[in-house]
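First the structure, in the form of structure tokens, and then the observations on it.
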Amino acid sequence: MSLVQAVLGSRGSSVRRSPGGAGTVSIPLLQAEDVARGAYLAPALVAITVLLVGFGLLSVYSASSFTAQAEGLPDSYYLVQQAARALVGLAVLLAAAFVDYRVYRHLAWPMLALTVALLVLVVLPATEAIAPRLNGARRWLIAGVTFQPSELAKIAIVVWTAALAVKKQDRLRSLRQGLLPFLVVIGPVCLLILLEPHLSGAMLVGALAFIVLFAAGGRLGHFMFLGALGVPVLWDQVANTGYRMNRMMAFLKPGVGADDIGYQLNQSLIAIGSGGPLGVGFGQSRQKLLYLPEPQNDFIFSIIAEEWGLVGSVVLIGLFLAWSIIGLRIAACAPDLFGRLLAIGLTSMVAVGAFAHIGVTLGVFPTTGVNLPFISAGGTGLVLALGVAGILVNIAKQRRC
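Below, the structure is given as structure tokens:
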């Protein structure tokens, strides 16, 4: 049985006798009317997800092999780690596909409370033994496994915002009674992530909450007003933190400080430009030879563009676009408002993360640490992204169109 068949169950299948009459097998069938009704949504989402994960494993191996050898490790070290995480993630996808998505509405507050507790645990001074400072930030809990609570915060805030938006739908167009009560919770969650420090993570969590609220009927003017209030706070965080200001200067003046503050962006652009139309070939990247920092994580798209060229980059971007469109189509076909808002928020989580990562590598956004969903090395992000795909599959299986 294929993964697609396992996830979808018997829906959209027909029973046919196997060759020789030995038995029967279930074969997924999609008729024209099924496609028109949206029966393709779940299998298409699963297929693209598996394709992205498979390509991600290849990319992680290529991007990390030299780094692993330089660290005295086997060249397949990071690949083996990522493959194990992918297996766990696929199991999570399969499980989430069979859990009724409405359960999450009742778990919204417990999920949020658990997330807040983990975020507090990360920033407490007394917990450095299990939440050490790595690369200048405390973002990970290390207790047998390494876990990043800010990644869980993305899902928790989407679920919580969607659940509360359904409850308060008739008041969402009011700033005082509708939108501001959400900020009482969203604000502290973002603040805890900011204290790690993880500015881009806090911004993404806030953005996901606002996307869900806007989709639920919030007024655009209110979001613009709150955004204007947030600009001075954001600038204060950038201007008063040395490395953030350096990254902003490198973003505003590309080429300046190419060997210093703009080093990461400069090396990323060299990698992308070196790829040309068809790339230098799989495994043949030169920028991964310790020129480009974090080639298997924050800048993996640069290595992909170098090795697969413009054609490969466009195909990958097309896959993420297709995944996002399918996610939004699932939202449009959801049987209730909570399912619709949940699908919009979770789809945005993957889509915004993917295009933010690509934008950073191209210099469209300031340099910051954003993983490429399903592709970049890392356990928390991969497992949770696959869990998101599983939830969307469950919503799609209960579609109304």
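So the sequence shown is residues -4 to 396, counted in our numbering. Cβ atoms here follow ideal geometry from the backbone N, Cα and C, with glycine treated the same way.
Is the beta carbon of residue i sitting closer than 7 Å to the one on residue j?
i, j, result
"V153", "L341", "yes"
"R100", "A151", "no"
"A63", "G385", "no"
"T362", "Q259", "yes"
"I370", "S54", "yes"
"I206", "S319", "no"
"L82", "Y56", "no"
"S226", "L332", "Residue 226 is actually Val in this sequence, not Ser. Against a cut-off of 7 Å, the Cβ pair of L332 and V226 comes out as no contact."
"A346", "S297", "no"
"P183", "A132", "no"
"A210", "L323", "no"
"A78", "L52", "yes"
"I125", "A108", "no"
"I414", "A39", "The structure shown does not extend to residue 414, since the chain is modelled only from -4 through 396, so no value can be given for it."
"V118", "L190", "yes"
"E302", "S280", "yes"
"L114", "P69", "no"
Can you name, in chain order, every residue of its own chain whose Cβ lies under 6 Å from the Cβ of residue i, other than the five neighbours on each side?
i, result
"A27", "Because A27 carries a pLDDT of 46, less than 50, the predicted location of this residue cannot be relied on, and no value is offered for it."
"R239", "V233"
"L377", "R80 and G84"
"I390", "Y96, I325, A329, G334 and A338"
"C185", "A197, V200 and G201"
"Y72", "A63"
So residue i is in the alpha helix (DSSP H); what residue range does that whole segment cover?
i, result
"F209", "L194 to A211"
"F294", "Where F294 is concerned, there is no enclosing alpha helix (DSSP H), given that its DSSP letter is neither H nor E."
"F142", "Unbroken run through F142 is the beta strand (DSSP E), V140 to F142; no alpha helix (DSSP H)."
"G373", "No alpha helix (DSSP H) holds G373; DSSP gives it neither H nor E."
"V55", "L36 to A65"
"R239", "G237 to L247"
"C185", "L175 to L189"
"Q262", "Y258 to G270"
"D165", "D165 -> no alpha helix (DSSP H), and no H or E assigned at all."
Once you ignore the five residues that flank residue i on each side, which residues in its own chain have a CB closer than 7 Å to its CB?
i, result
"Q262", "Q282, Y286 and L287"
"Q393", "P330"
"L379", "E146, L147 and I150"
"L229", "none"
"G276", "E302"
Between the Cα of residue i and those of the options, spot the shortest distance and give me the residue it belongs to.
i, options, result
"V365", "V306, L46, H352 and T356", "H352"
"G212", "L221, K163 and A138", "K163"
"A103", "W155, S280, W135 and S71", "W155"
"G271", "S297, I295 and L305", "L305"
"Y35", "G139, A317 and G173", "A317"
"L387", "F61, L88 and Y73", "L88"
"S169", "L381, L189 and R214", "R214"
"I256", "A266, M244, I267 and L264", "M244"
"L284", "F61, L332 and L379", "F61"
"V309", "L323, G274 and F294", "G274"
"F294", "L332, I181, S59 and L129", "S59"
"P249", "M219, G182, V228 and G358", "G358"
"G278", "I299, A124 and A78", "I299"
"L178", "P144, F218 and S280", "F218"
Tell me which residues share the same chain as residue i and place their Cβ nearer than 8 Å to its Cβ, disregarding the 5 neighbours each side in the sequence.
i, result
"R395", "C328, A329 and P330"
"L46", "L314"
"P105", "none"
"F246", "L260, G358, F360, P361 and T362"
Item to check | Complete runs of the beta strand (DSSP E) confined to the segment 86 to 138 [at least 3 residues] | outcome: 136 to 138
Checklist entry - Fully enclosed by the segment 317 to 365, which alpha helix (DSSP H) runs are 4 residues long or longer? => result 332 to 357
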